[in-house]
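Enquirer:
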Amino acid sequence: MTVRVYTSLDTGAPVLTGTRLVDRVKLILMACLVNGYGSKPAAGWTIGHQHADGFSLGNGEGFINLINSGSSAYIAYIMETVTDGSTALAAGVNRRSGVWSDGSPSGTLQYFYNPGFIGSNNLHWLVVADSKTCILMLGAGSSTADLSGGNGAAHYFGNYLNQSGLGSFCSLGGYSSSGGGALMNSTGMMLRHPFTGVVGQGSDARYAVGSPSYYGSGYAVVRAQLVTGRVQGVRAGLVGFGAAISGSSVASGTVFCGYLRGLVADPVLSFAAPSQVFPALGLSNTWQARVTPFTLPDGKQWVPLYPHVSDLGFFVSLDEADWG
Numbered sequence: 045m046t047v048r049v050y051t052s053l054d055t056g057a058p059v060l061t062g063t064r065l066v067d068r069v070k071l072i073l074m075a076c077l078v079n080g081y082g083s084k085p086a087a088g089w090t091i092g093h094q095h096a097d098g099f100s101l102g103n104g105e106g107f108i109n110l111i112n113s114g115s116s117a118y119i120a121y122i123m124e125t126v127t128d129g130s131t132a133l134a135a136g137v138n139r140r141s142g143v144w145s146d147g148s149p150s151g152t153l154q155y156f157y158n159p160g161f162i163g164s165n166n167l168h169w170l171v172v173a174d175s176k177t178c179i180l181m182l183g184a185g186s187s188t189a190d191l192s193g194g195n196g197a198a199h200y201f202g203n204y205l206n207q208s209g210l211g212s213f214c215s216l217g218g219y220s221s222s223g224g225g226a227l228m229n230s231t232g233m234m235l236r237h238p239f240t241g242v243v244g245q246g247s248d249a250r251y252a253v254g255s256p257s258y259y260g261s262g263y264a265v266v267r268a269q270l271v272t273g274r275v276q277g278v279r280a281g282l283v284g285f286g287a288a289i290s291g292s293s294v295a296s297g298t299v300f301c302g303y304l305r306g307l308v309a310d311p312v313l314s315f316a317a318p319s320q321v322f323p324a325l326g327l328s329n330t331w332q333a334r335v336t337p338f339t340l341p342d343g344k345q346w347v348p349l350y351p352h353v354s355d356l357g358f359f360v361s362l363d364e365a366d367w368g
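For what it's worth, our numbering labels the leading residue of the sequence shown as 45, then goes sequentially.
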């Protein structure tokens, strides 16, 4: 599978219109994942359904369904199949969002929030994807690389790597309401139990992006002191919470569930703000550098994935070996 990078700086990139976050994200994802643009072919996803207030895209193993939640947010759902696309949230098999699943009377959903992205101030976006996984980042509102929580967001969806033969479709990042979000937040969900492959995951199953850095707070406050030749990329993992997943009755108990495709982190740089990280890597402290690939001394290409200063920072490797 070919890994492709798409950015707002590309020739022929989609022009963003509309006054709702979900509409602008739809324009980006349709262009990158389904239709292609300019000289860039699509990543190879298909349309599940389209509605005025939502849409779904599939990779052959599951569907991501994004629906409108006010002008500044969208809610993400996943499902195995779409059976009726006449509503924003499609009818389907094994629908999930956050801790909610079909049959649950209620439950916290997975929201993505970015009011800055519906404006016009230094809008920028990044998609790195193949036919099975998509990594999306949105940014706005700053001339430098540092963004506040209301101006940046990232969303990982599609497949991750776990035991062979088990379902691996997930959606990671976001928040439990329409007021914030981070990759490290445990509001993600997956279609199947990571260790058994069954649908049932308990009533409190939650998932997040796991960094090699220890964190007790998401705030990037540690100044990076690192030369380029010492960058240590470590594959990011998917961590799970909940009694049926971790085996612990402690709500914060976590277990490593698998590797994320393409996502890497440096244990030191994950905690630092991009205004500190980018110059250490020879990059400019600008919003353009946030969506521009760069080359490491060993020849590998990465692109930054620093959603905002209250989230951990990552990189997306463009080396296909890091996607398998």
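We treat Cβ as the ideally placed atom computed from N, Cα and C, and that holds for glycine.
Given that a residue counts as buried once 16 or more other Cβ atoms are within 10 Å of its Cβ, and exposed if not, what is Asn79?
Expert: Exposed.
Enquirer: Let me know if Glu364 comes out buried or exposed under the rule of 16 or more other beta-carbons within 10 Å of its beta-carbon.
Expert: Exposed, by the Cβ-count rule.
Enquirer: Between which residues of its own chain and Met45 is the CB-CB distance below 6 Å, once the five residues before and five after are set aside?
Expert: The answer, listed in chain order, is Asp174, Ser175.
Enquirer: I need the DSSP call for Gly202, collapsed to helix, strand or coil.
Expert: Residue state, collapsed to three classes: strand.
Enquirer: Cβ of Leu182 within 8 Å of Cβ of Asn158?
Expert: Their beta carbons are under 8 Å apart, which means Leu182 touches Asn158 by this criterion.
Enquirer: Spell out a yes or no on whether the segment 310-327 and the segment 274-281 are touching, meaning 3 or more CB-CB pairs, one atom from each, closer than 8 Å.
Expert: Short answer: they touch.
Enquirer: Per DSSP, what are the beta-bridge partners of Asn109 in this structure?
Expert: According to DSSP, Asn109 bridges with Ser100, Tyr121.
Enquirer: How long is the line joining the alpha carbons of Gly284 and Gly82, rounded to whole angstroms?
Expert: Whole-angstrom Cα-Cα distance: 39 Å.
Enquirer: Return the Cβ separation of Asn112 and Asp128 in integer angstroms, given the expectation that the two are a contact with Cβ distance under 8 Å.
Expert: Not really, about 18 Å apart at Cβ, beyond 8 Å.
Enquirer: Would you mind working out which of Met228, Gly246, Asn229 sits nearest Leu235, comparing C-alpha positions?
Expert: Checked all of Met228, Gly246, Asn229; the closest Cα to Leu235 is Gly246.
Enquirer: Is it right to say Thr231 is buried, meaning 16 or more other beta carbons lie within 10 angstroms of its own, or is it exposed?
Expert: Buried, because 16 or more other Cβ atoms sit within 10 Å of the Cβ of Thr231.
Enquirer: Using CA atoms only, rank isn't needed, just tell me which of Leu110, His168, Gly357 is closest to Tyr50.
Expert: It is His168.
Enquirer: At which residues does the alpha helix (DSSP H) containing Arg334 begin and terminate?
Expert: From DSSP, Arg334 is part of no alpha helix (DSSP H); its letter is neither H nor E.
Enquirer: Identify, in the order they occur along the chain, each residue of the same chain with its Cβ nearer than 7 Å to the Cβ of Val266, setting aside the five sequence neighbours on each side.
Expert: Below a pLDDT of 50, predicted positions are generally treated as unreliable, and Val266, at 46, falls in that range; the measurement from the model is reported next regardless. Excluding sequence neighbours, Val266 sits near Phe315, Ala316.
Enquirer: My assumption, with CB atoms under 8 Å, is that Ala204 sits in contact with Leu340. Please give the rounded CB distance.
Expert: At residue 204 the sequence reads Tyr, which differs from the Ala that was named. The pair is not a contact, with the Cβ atoms about 24 Å apart (cut-off 8 Å).
Enquirer: Please say whether Pro256 and Leu210 have beta carbons closer to each other than 8 Å?
Expert: Contact: no.
Enquirer: Starting from Ala287 and walking both ways along the alpha helix (DSSP H), at which residues does that stretch end?
Expert: That run of the alpha helix (DSSP H) goes 287-290.
Enquirer: Nearest to Asp355 by alpha carbon, out of Thr298, Asp190, Tyr155?
Expert: Among Thr298, Asp190, Tyr155, the Cα nearest to that of Asp355 is on Asp190.
Enquirer: Assign Gly160 to one of two classes, buried (16 or more other C-beta atoms within 10 Å of its C-beta) or exposed (fewer than that).
Expert: Per the 10 Å Cβ criterion, buried.
Enquirer: Please give the ranges of any alpha helix (DSSP H) in the segment 302-361, keeping only runs that are unbroken, at least 4 residues long and fully inside the region.
Expert: List check, alpha helix (DSSP H) in window: 318-324.
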